[in-house]
Every structure is written in C-alpha cells, then in structure tokens.
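As structure tokens, the structure follows; a few thoughts come after it.
Numbering (the numbering used here), first residue to last: 4 to 139.
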C-alpha cells in the first residue's frame, strides 16, 4: 500500500542524494506563486500531477490508482541543453522506483523565469491508501 506524499518525498530525497544533483535545487512546485527575476541556477520541482482511481474502487479505503508525478526542470537561458542532461539523470535515479513510464515535453522558453523549462511526467500504478472508512 502506498502513501502518495511519502512516495514523492522518497523520490525527491533519492534525487537530492545523487551526486549529479549536488548543485541543483530540488523543491516542491509552487504553481500560483510568481517568480520575479531571472533564474540563475538549475531547479527541479517535484510534485503530484494527477491521480486516476478506477471507478469500481471509489467505495474502498484502499484504491488501485494511476499516479503521475511532475518533475519540471528549469535551467538558465544560457544553458538550455543542460535540461536534457538533468532529465537523463532523473530517469537514471527513477530506475530504483517502480515507474511504468516517463514522458518529457520539448524544452521551451519561459518568460516567467527568463529561462528554459523541460516538463517531465513519471507514471506509476499502485494500491493507494487514502485512509478513513468506506462511505465516510
């Protein structure tokens, strides 16, 4: 049984512990916070993207779910190619987990951070414990 928050924290800690990421900031995403200025260092945000629960399991406290974890890579405007190297290393670290798929979008310029962003989604299927009693 998986606790989604614990899983995300464990994945983020594994990335932080890897020597490739020692000079890269790993943080939670803050989607409604504006960024003033220009990104100077590489940042990776790791957080929950989506959870799809099978309809027949909606009444159970334990549910089989498809979970999408977002790992967005932000790099300074003078290092757009470094985002690909970061992605390769996220994929390498992710092998220790049971992800069933990884999808990355093309790198694009973000006017908000005045740098580049490469959005990555990691998929995993698991039995998830939401707690509580059925029907509460």
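From the three backbone atoms N, C-alpha and C, an ideal C-beta is built for every residue, glycine too.
If you ignore the 5 residues before and after residue 99, its C-beta comes within less than 7 Å of the C-beta of 17, all in its own chain and listed in chain order. Distance from the CA atom of residue 51 to the CA atom of residue 123, rounded to whole angstroms, is 12 Å. Residue 108 sits in coil when the DSSP states are folded into three classes, being neither helix nor strand. Boundaries for residue 125: no alpha helix (DSSP H) harbours it, while the beta strand (DSSP E) harbouring it runs 118-132, taken from the DSSP string. Of all C-beta pairs linking the segment 23-35 to the segment 99-110, fewer than three are shorter than 8 Å, placing the two stretches out of contact.
Residue 120 counts as buried, since no fewer than 16 other beta carbons sit within 10 angstroms of its beta carbon. Residue 29 sits away from residue 77, with the two beta carbons spaced by 8 Å or more. If the five residues before and after residue 102 are omitted, its C-beta is found closer than 7 Å to the C-beta atoms of 125, 126, 127, all from its own chain and listed in chain order. The alpha-carbon separation between residue 19 and residue 88 amounts to approximately 15 Å. Taking residue 80 as reference, the option from 104, 116, 4 with the minimal CA-CA separation is 116.
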